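Q:
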Amino acid sequence: MITTIALNELSAAQRRRLAYIEFRVWFYGEVTRKNVLDRFDLATAAGTRDMALYRELAPQNVLYEGKAYRYRSTFTPLFEHREERVLAMLTAGFGEGEPAPLAESLPNAVPARLNQPPLDTLATVTRAIHGGYPLRLTYHSMKTGAVPREIVPHALVDSGLRWHARAYDRTKGEFRDLVLTRMEKVEPIDREDGQYRVQAHELRAADAQWQKVITLELVPHPAHPHPSSIARDFGMGAGGSLQVTLRAAVAGYVLRQWQVDCSPDARLSGRDFRLWLANTTQLQGIDNAVLAPGFV
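First residue of the sequence shown: 0, per numbering that gives the first Met the number 0; consecutive thereafter.
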């Protein structure tokens, strides 16, 4: 049997494929040969060998069932998976596999987030999103402290400061954003439990704020002395405005992150306010519009 020490003896290309297999199992709950073939444009035989090799390296991680390798509760990763890269892979779908050598990267500096969700928590949530099943957990609310919650997650949301799970909260009876770093003891509800079944009103399709798409018109702040510099900074066209189309569920986060003055009369002042929302009526009926600076 090949041991984990032998990973270094494999080619970089094969390690990337094995890391991708592991990523799919951990964060989606399953991987098929077709996933591997499509991702790396492999011949069928090569994909089969990689799948078999991963199972040989980490038999405790996967269970062969229904022509797929599925996640096992005894899972222990063979590869290092960094939180920020995993989140990029889950939300943008690029660069799956083993991290590239540093020599392939250009010199750069990216501000670090002060908090990142634990990978085990993230993986439990993303498997539930992919599998469409509910979770039980303890949630550390800033208002009430640690409380039990039962949720049906359907998406990940980046607020610019932290990562959330967009989910139907059975405890509150509504769709909410739950901060991943405030979750603990996250577990799937047992299939034999009467609460396992997901109802139609708990599905992504029933999340009105998620399904609603709005367009925000951003312009240089009227009080700024150099509007042309702002227009260039944000790539505004000849019309001097920037049209941003997004889901209503994330509008408040985006406007807060970019410090957009959302008051109807552009009354907010200060160097931080370089943009003004010209069509503030778009925020009517948006649940998280309270986050938008100046909106009333």
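We treat Cβ as the ideally placed atom computed from N, Cα and C, and that holds for glycine.
Everything numeric in this text was worked out from a predicted model, so none of it was measured.
1) Return the chain-ordered list of same chain residues with a C-beta closer than 6 Å to the C-beta of GLN208, the five sequence neighbours on each side being excluded.
2) Give the straight-line distance between the Cα atoms of SER10 and LEU41, rounded to the nearest whole angstrom.
3) Leaving out five residues before and five after GLY131 in sequence, what residues of the same chain have Cβ atoms less than 7 Å from its Cβ?
4) Look at ALA91 and ILE128 and say whether their C-beta atoms are less than 9 Å apart.
5) What whole-angstrom Cβ distance do ARG71 and LEU62 have, given they're in contact under 8 Å?
6) Note down, in chain order, each residue of its chain lying with its Cβ closer than 6 Å to the Cβ of ARG169, except the 5 sequence neighbours on either side.
7) Do you know offhand how far GLU21's Cα is from ALA205's?
8) Could you give the first and the last residue of the continuous beta strand (DSSP E) run that contains ILE285?
9) Name, in chain order, the residues that DSSP records as bridge partners for MET182.
10) What are the partner residues of GLY144, as DSSP defines its beta bridges?
11) Assuming ARG181 and TYR138 make a contact with CB atoms under 8 Å, what is their CB distance in whole Å?
12) Going by beta carbon distance, what residues of the same chain come within less than 7 Å of SER158, once the five residues before and after it are set aside?
13) Below 6 Å CB to CB, which residues in the same chain sit around SER240 once its five sequence neighbours on both sides are set aside?
14) DSSP on LEU113, reduced to helix/strand/coil?
15) Buried or exposed for ALA44, going by 16 or more other Cβ atoms inside 10 Å?
16) Does ASP189 come out as helix, strand or coil in the three-state DSSP assignment?
17) Do the stretch 262-274 and the stretch 217-233 meet, that is, are 3 or more Cβ pairs less than 8 Å apart?
18) Just the C-alpha distance for THR3 and LYS142, rounded to the nearest angstrom, thanks.
19) Run through the DSSP bridge pairs and tell me what ILE128 is partnered with.
20) What is the residue span of the alpha helix (DSSP H) that TYR19 lies within?
21) Straight-line CA distance for GLY65 to PRO116?
22) Would you list the residues sitting across from TYR167 in a DSSP beta bridge?
23) In the DSSP output, which residue or residues are listed as bridge partners for ALA67?
24) What's the gap between the Cα of GLN370 and the Cα of ARG175?
25) How long is the line joining the alpha carbons of ALA291 and ALA145, rounded to whole angstroms?
26) If you draw a straight line from the C-alpha of ARG255 to the C-alpha of ASN7, how long is it?
27) What span of residues does the alpha helix (DSSP H) with GLN256 cover, start to end?
28) Quick one, which of VAL178, PRO152, ALA111 has its alpha-carbon nearest HIS163's?
A: Short version:
1) If we look at GLN208 and ignore the five residues flanking it on each side, its Cβ neighbours are ALA247, ALA248, ASP286.
2) Between SER10 and LEU41, the C-alpha separation is close to 15 Å.
3) If the five residues before and after GLY131 are omitted, its C-beta is found closer than 7 Å to the C-beta atoms of VAL197, all from its own chain and listed in chain order.
4) Going by C-beta atoms, ALA91 is not nearer than 9 Å to ILE128.
5) The beta-carbon distance between ARG71 and LEU62, rounded to whole angstroms, is 5 Å. This is short enough to meet the 8 Å contact definition.
6) In the same chain as ARG169, and ignoring 5 residues on each side of it, the C-beta atoms closer than 6 Å to its own belong to GLU149, in chain order.
7) Note on geometry: alpha-carbon atoms of GLU21 and ALA205 lie some 32 Å from one another.
8) Note, ILE285: premise wrong, no beta strand (DSSP E); not H, not E.
9) Among the bridge pairs identified by DSSP, MET182 is matched with TYR138.
10) SER140, per the DSSP bridge assignment.
11) Contact between ARG181 and TYR138 holds, since their C-beta atoms are separated by about 6 Å, short of 8 Å.
12) So the qualifying residues of the chain are TYR252.
13) Residues of the same chain with a CB within less than 6 Å of the CB of SER240, apart from the 5 flanking positions on each side, are GLU216, VAL218 in chain order.
14) It is coil, neither helix nor strand.
15) Within a 10 Å sphere around the beta-carbon of ALA44 sit fewer than 16 other beta-carbons, which makes this residue exposed.
16) Coil at ASP189, not helix or strand.
17) Enough Cβ pairs lie closer than 8 Å, so yes.
18) Here THR3 scores only 49 on pLDDT, less than 50, and its place in the model should not be relied on; the value that follows carries that caveat. Counting only the Cα atoms, LYS142 lies some 46 Å from THR3.
19) Answer by DSSP bridge pairing: none, since ILE128 is not bridged.
20) Annotation: the continuous alpha helix (DSSP H) that includes TYR19 extends over 11-27.
21) Distance between the alpha carbons of GLY65 and PRO116: 31 Å.
22) Residue pairing by DSSP places TYR167 opposite VAL151, PHE174 in a beta bridge.
23) Beta-bridge partners of ALA67 (DSSP): THR31, GLU64.
24) The structure shown does not extend to residue 370, since the chain spans only 0 to 295, so no value can be given for it.
25) Distance between the alpha carbons of ALA291 and ALA145: 28 Å.
26) Each residue's Cα considered, the two are about 46 Å apart.
27) GLN256 -> alpha helix (DSSP H) spans 247-256.
28) By alpha-carbon distance to HIS163, the top candidate from VAL178, PRO152, ALA111 is VAL178.
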